[in-house]
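Residue numbers (this note's numbering): 167 to 577. In what follows, a single structure is set out as structure tokens and then discussed.
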């Protein structure tokens, strides 16, 4: 009870701090997830001990559920962020990122994990869990007034849509990783993937259509002002997630499809102010999750992995995504500055925590502990590094754009 109360008080104080700093926080080399993670780590057993939580390598069930809910709310915001016509127009580059770059990221991380001595099968499981781009961390890069000022709409939209879609579509890769480990047969995995994905698609389409009808009906009765609709989308995300658990289908994917369907079935005047929802998520809803994550970081397990862990973390941040986006720059129709920006800002966060803890439920302890330890180290490093570089990186992009524009004018 004391730990719970401490976390709640901490989250409340962090919320006050974030509200006080407001837009100024986006101009600093500091993000809300980084701030919450650092506070959680400071409160955890490895520092002050004010929050007495077991390391994630010892107990991961609660963190798994927190990650599931936070992901559901985040992908709903992504699905509603832009008009449906914009999402459809970007289907080519987003599909390339999902179908080509994401598997390449899984394979690259598998190779990068080699120094840990996990074995090929466990390393592949780790690579699959770390391959999705995180919508929570990505949103802190592409939303808000500074992002709209410095980054082109297409770059922001591509990163947002990719991060929303791949969180659900990474599930087949994670399930396939169980086959080499001998934890499932190919046939069983195929059936499970089909049920999870097709069931999520069906649930999402039905839920999104019903939600759209509800909004249009509510509009007739004056119940779709901005505030009620924002609350409705949060409740809808959690409700669809619960339905997916009951039906045993992919919950995160179902919520994303629900949001896309809702977006497509409501007109421009009906669409909710999704950017306001994004701001609420980025600034406040994510705070409890990252405080808890900071409090359960497995410092002892990290020490046991030794110097090899530093190589894996550095390799994952530098080689997991950036080389592939640069290689596919032309098919993605990206200028060099856009390719570098999208290649670097493909952060690893809540989605990876979700899949790492999912693996932990199925892996034997001998494999689960090093996979969880290495995976959370990469997540923590990504939260820090991408949080610190988001504001400077955005400004560098804007400077490069201006320089390119001036060069073109001079020519």
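Yeah, the Cβ is synthetic: ideal placement off N, Cα and C, and Gly gets one too. Small disclaimer: the values here were computed from a predicted structure and weren't measured.
Item                                                                                                                                                                       : Value
Go to residue 514, then tell me how far its alpha helix (DSSP H) extends in each direction, as first and last residue.                                                     : From DSSP, residue 514 is part of no alpha helix (DSSP H); its letter is neither H nor E.
Okay, do the region 325–335 and the region 549–558 touch, 3+ Cβ pairs below 8 Å being the bar?                                                                             : no
Run through DSSP, which three-state label would residue 521 get?                                                                                                           : helix
Could you have a look at residue 300 and say whether DSSP puts it in helix, strand or coil?                                                                                : coil
Which term fits residue 427, buried or exposed, when burial requires 16 or more other beta carbons within 10 angstroms of its beta carbon?                                 : buried
Could you please give the first and the last residue of the uninterrupted alpha helix (DSSP H) stretch that includes residue 198?                                          : 198–209
Rounded C-beta distance between residue 275 and residue 262? I'm assuming under 8 Å.                                                                                       : The Cβ separation is near 19 Å, so there is no contact.
Inspect the beta-carbon positions of residue 539 and residue 475 and report whether they are closer than 9 Å.                                                              : yes
Mind the definition here: the region 540–549 touches the region 263–273 only if three or more C-beta pairs lie below 8 Å; say whether that holds.                          : no
With a threshold of 16 other CB atoms inside 10 Å of the CB of residue 301, please say whether the residue is buried or exposed.                                           : buried
Whose C-beta lies closer than 7 Å to the C-beta of residue 477 among residues of the same chain, with five residues either side of it excluded?                            : 281
Which residues in the same chain as residue 273 place their Cβ atom closer than 7 Å to its Cβ, once the five residues preceding and following it in sequence are excluded? : 293
Verify whether the separation of the beta carbon atoms of residue 289 and residue 304 is less than 9 Å.                                                                    : no
Taking the C-alpha atoms as reference points, what is the distance between residue 363 and residue 568?                                                                    : 43 Å
For a test of the three-state rule: what should DSSP assign to residue 321, helix, strand or coil?                                                                         : helix
DSSP on residue 462, reduced to helix/strand/coil?                                                                                                                         : coil
Are the region 313–326 and the region 352–361 in contact at 8 Å, needing three or more beta carbon pairs?                                                                  : no
Hey, how far is the Cα of residue 529 from the Cα of residue 321?                                                                                                          : 38 Å
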